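Just so you know, the numbering used here puts 90 at position 28 of the sequence shown, and the rest follows in order with no gaps.
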Amino acid sequence: MEPTLPNRADPASPASPGAAALLAEGLDAWRDLPAAQQPPWPDQAVLAEVTAELASVPPLVFAGECDQLKGQLAQAARGEAFLLQGGDCAETFADATADRIRNKIKTILQMAVVLTYGASLPVIKVGRMAGQYSKPRSSGTETRAGVELPAYRGDAINDYEFEAGARTPDPRRLLKAYHTSSATLNLIRAFTKGGFADLRQVHEWNRGFTSTPANARYEALAKDIDRAMRFMAACGGDFEALRTVDFYSSHEALLLDYERALTRIDSRTGTPYNVSAHFLWIGERTRQLDGAHVDLMSRVRNPIGVKLGPATTVDDALALIDRLDPQGEPGRLTFVTRMGAGRIRDVLPGLVEGVRDAGRTVLWVCDPMHGNTFESASGYKTRRFEDVMSEVRGFFEVHQALGTVPGGLHVELTGDDVTECLGGAEKIEDGDLATRYESLCDPRLNHQQSLEMAFLVSQTLGTR
Ligand code: PEP
Ligand code: MN
Numbered sequence: 063m064e065p066t067l068p069n070r071a072d073p074a075s076p077a078s079p080g081a082a083a084l085l086a087e088g089l090d091a092w093r094d095l096p097a098a099q100q101p102p103w104p105d106q107a108v109l110a111e112v113t114a115e116l117a118s119v120p121p122l123v124f125a126g127e128c129d130q131l132k133g134q135l136a137q138a139a140r141g142e143a144f145l146l147q148g149g150d151c152a153e154t155f156a157d158a159t160a161d162r163i164r165n166k167i168k169t170i171l172q173m174a175v176v177l178t179y180g181a182s183l184p185v186i187k188v189g190r191m192a193g194q195y196s197k198p199r200s201s202g203t204e205t206r207a208g209v210e211l212p213a214y215r216g217d218a219i220n221d222y223e224f225e226a227g228a229r230t231p232d233p234r235r236l237l238k239a240y241h242t243s244s245a246t247l248n249l250i251r252a253f254t255k256g257g258f259a260d261l262r263q264v265h266e267w268n269r270g271f272t273s274t275p276a277n278a279r280y281e282a283l284a285k286d287i288d289r290a291m292r293f294m295a296a297c298g299g300d301f302e303a304l305r306t307v308d309f310y311s312s313h314e315a316l317l318l319d320y321e322r323a324l325t326r327i328d329s330r331t332g333t334p335y336n337v338s339a340h341f342l343w344i345g346e347r348t349r350q351l352d353g354a355h356v357d358l359m360s361r362v363r364n365p366i367g368v369k370l371g372p373a374t375t376v377d378d379a380l381a382l383i384d385r386l387d388p389q390g391e392p393g394r395l396t397f398v399t400r401m402g403a404g405r406i407r408d409v410l411p412g413l414v415e416g417v418r419d420a421g422r423t424v425l426w427v428c429d430p431m432h433g434n435t436f437e438s439a440s441g442y443k444t445r446r447f448e449d450v451m452s453e454v455r456g457f458f459e460v461h462q463a464l465g466t467v468p469g470g471l472h473v474e475l476t477g478d479d480v481t482e483c484l485g486g487a488e489k490i491e492d493g494d495l496a497t498r499y500e501s502l503c504d505p506r507l508n509h510q511q512s513l514e515m516a517f518l519v520s521q522t523l524g525t526r
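Laid out in structure tokens, this is it:
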């Protein structure tokens, strides 16, 4: 009798060649499923050419790095580490400059140091960087002064300029997204492996930023760290481990043609990995259980995330776990909750409890941004720093009460002194937003607000 092959390969033990072949075969199953938020590409022939080219370009990340991150996320799910994931809502090609990338990396490194020092916990650093070039939109079109054009969907798809040609989706932009991701990741690797991220540079990361109360506080902490390191050096300590840091890339896996073309069979294991980033997440608008996004992500071996909004039920969460992490592989699945400051204390407890009581383990991460967006009186899409922090505090309170693990933060931030979110120590007001509002999509915390958040969270983590 023929042995019956399972429908889907066992992702936790992908060694059997038959199972691996099945996984690989299913990589195009999404094409027959409903796929939300895909751009209406006007020219399918060009799309086919582009995806064929993308399928042959070198991977941006190595599957082994994805496994390493998965192992670290498993630690975070157990409360032995903390995830810090941050970057732009939407990266742009124009902003892929050395200065902007460096400022973002420095900001994340500074936040990580503040968190590590306050909580004595390793911090896993993941950028919303090197691939965050596409956005889901609530409406397919945008109307200005009676003129209706396709909505801006991110630099991988069309141009922000409000003009018919610029807004027409162009598949060739996918190639530019790949190459810009590649250049960005190259600089990230150079900075974080080439000495710049050495903990002995802890003061250096503060240089070049406007002096603010948060910076001054950072400077004081950096002095403490210096002293500790001099002590270690005097004791003959080995600094090799402090010389480099692991810094991972992530983006929303939204554009299925792009994500599929950058999915490859790992030569070590014979299983598929998405090699466009270390970590991919499925957005709140594209996490339909029978949809294309969940299907494609269920077949790659990267660590993955799913955004969960306030309407998520326990059944939804458990069904997502069944689809995306059937074997309960440590570090595989992260739930990024984005409930809003006004809802988190009501809706998060039931969800976390339901997952816990079903005996499932995921990494719970707080996105305090996307449930707190509103339009200000002057017409800017903004967020109040106060609301953002209230959601973060709610996240910790809920997990503390349930005895579960608040495992990380997912934040939209930039290293520049933009004025996009209200409040913080600088007390940015509605009238200030116009001064330096640069985001083409959602408002980001600026450098000072990001550091402030890190200090507030480190206090909470430190008292756990
Ligand atoms: C985002 O992270 O920019 C985003 C669109 O989030 P969500 O899917 O949670 O709305
Ligand atoms: Mn966003």
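A virtual CB, placed ideally from N, CA and C, is assigned to each residue, including glycine. Computed from a predicted structure; not experimentally measured.
- In this structure, the C-beta of Cys503 approaches the ligand MN to less than 7 Å from one of its heavy atoms.
- For the set Val427, Pro372, Asp387 and Phe397, the Cα lying nearest the Cα of Ile406 is the one of Pro372.
- Exclusion of the five residues before and after His355 leaves Ile344 and Thr348 as the residues of its chain whose Cβ lies within less than 6 Å of its Cβ.
- The closest heavy atom of the ligand MN lies less than 7 Å from the beta carbon of His432.
- Within the segment 449–526, the runs of beta strand (DSSP E) at least 3 residues long that lie entirely inside it are, in chain order, 468–474.
- Between Glu488 and the set His432, Gly353 and Glu514, the nearest pair of CA atoms involves Glu514.
- Leu380 is a Cβ neighbour of Gly416, given a cutoff of 8 Å.
- Under DSSP, Tyr214 forms no beta bridge with any residue.
- Annotation: the segment 98–181 contains the following complete segments of the beta strand (DSSP E) (minimum length 3 residues), in chain order: 144–149.
- A distance criterion of 7 Å places the beta-carbon of Lys166 beyond contact range of the ligand PEP, judged by its closest non-hydrogen atom.
- Nearest C-alpha to Thr274 among Ala213, Ser520 and Ser512: Ser512.
- Each of Val368, Arg162 and Glu87 was checked against the Cα of Ser312, and the nearest Cα belongs to Val368.
- For Phe436, the three-state secondary structure derived from DSSP is strand.
- Here Ser201 is exposed: its Cβ has fewer than 16 other Cβ atoms, across all protein chains shown, within 10 Å.
- For Gly299 and Gln263, the gap between their C-alpha atoms comes out near 17 Å.
- Bridge pairing for Trp92: absent [DSSP].
- When secondary structure is reduced to three states using DSSP, Pro388 falls in the coil class, being assigned neither helix nor strand.
- Contact between the segment 414–428 and the segment 155–167 is absent: fewer than 3 CB-CB pairs across the two stretches fall below 8 Å.
- Sixteen is the threshold: since fewer than 16 other Cβ atoms of the shown chains lie within 10 Å of the Cβ of Ser118, the residue is exposed.
- With contacts defined by Cβ atoms closer than 8 Å, Thr374 and Leu342 do not form a contacting pair.
- Remark: the C-beta of Lys443 is outside contact range of the ligand PEP, defined as less than 7 Å to any heavy atom.
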